[in-house]
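Asks:
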Amino acid sequence: LLINLHSEISQFPAKLDLDTLKITQLSTLSGSCSALDVHDNIYLNHQSKITKLSANGTTSTFWQTDTGTIDMLAISQNSVMVQVSQTGEKQLWQLGLNKDSQKGHERLLHDLGSTQTSFIDVSDDEQQLLFHSGLSRAQTIVTLSLVDSD
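Residues -1 to 148 in the numbering used here are what the sequence shown spells out, letter by letter.
#1: So which of Q75, V82, T59, T57 has the shortest CA-CA distance to T67?
#2: How many Å lie between G86 and T18 at the Cα?
#3: Identify the continuous beta strand (DSSP E) that holds T57 and give its terminal residues.
#4: One question on the structure: do N2 and S32 come within less than 8 Å of each other, judged by their Cβ atoms?
#5: Return the chain-ordered list of same chain residues with a C-beta closer than 6 Å to the C-beta of I21, the five sequence neighbours on each side being excluded.
#6: Quick check: the Cα distance between I48 and D69, rounded to an integer number of angstroms?
#7: Is T18 helix, strand or coil when you go by DSSP?
#8: As a quick exercise: from D35, F10, H4, Q23, pick the residue whose alpha carbon is nearest that of V120.
#9: By DSSP's criteria, L51 is part of a beta bridge. Which residues make up the other side?
#10: Which runs of the beta strand (DSSP E) spanning at least 3 residues fall entirely within the stretch 69 to 148, listed in chain order?
#11: Which whole-angstrom value describes the C-beta separation of L95 and S77, a residue pair presumed to lie in contact below a C-beta threshold of 8 Å?
#12: Looking only at its own chain, which residues have a Cβ that is under 8 Å from the Cβ of S99, when we skip the five neighbours before and after it?
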């Protein structure tokens, strides 16, 4: 199981062995919201960019936003879904995983506006997105089924 290992100053991707409960740090590269694709590549959130740590140990910038801060990322079978916030407004972006060049395989999936609702996950087939309501004592969790408009 991929987890974020917290230190006093940062977070690092780590693996939790569910049989032994042993935690193994996977990289010294820090970042939040670690996510893992089907090829064991790790994606790390660095506020305005996503760094890809390949299974072979190489690192590269996967995507960067010039307009805000990355709040959350989640991976489906073919995409990375990213929530970006700027001055209280939120957008949900879809970034293709199967590509050679990083730009040109991204699309604004939904403009979330100033809602307190936040994106937290996507189904593997990209047919449902999971959101939660604003942080408070009571939360509402909702799913949104996607209908392709193309």
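Cβ atoms here follow ideal geometry from the backbone N, Cα and C, with glycine treated the same way.
Just so it is clear, the structure is predicted and the values come from calculations on it, not from any experiment.
Replies: The relevant details are as follows:
#1: V82
#2: 42 Å
#3: 57 to 62
#4: yes
#5: A12, L14
#6: 11 Å
#7: coil
#8: D35
#9: I40, T57
#10: 77 to 84, 87 to 94, 104 to 111, 116 to 120, 126 to 130, 139 to 143
#11: 6 Å
#12: Reliability of the predicted coordinates at S99 is poor, the pLDDT of 44 falling under 50, and the value obtained from them is presented with this limitation in mind. Once the five neighbours on either side are set aside, S99 has no close Cβ partner at all.
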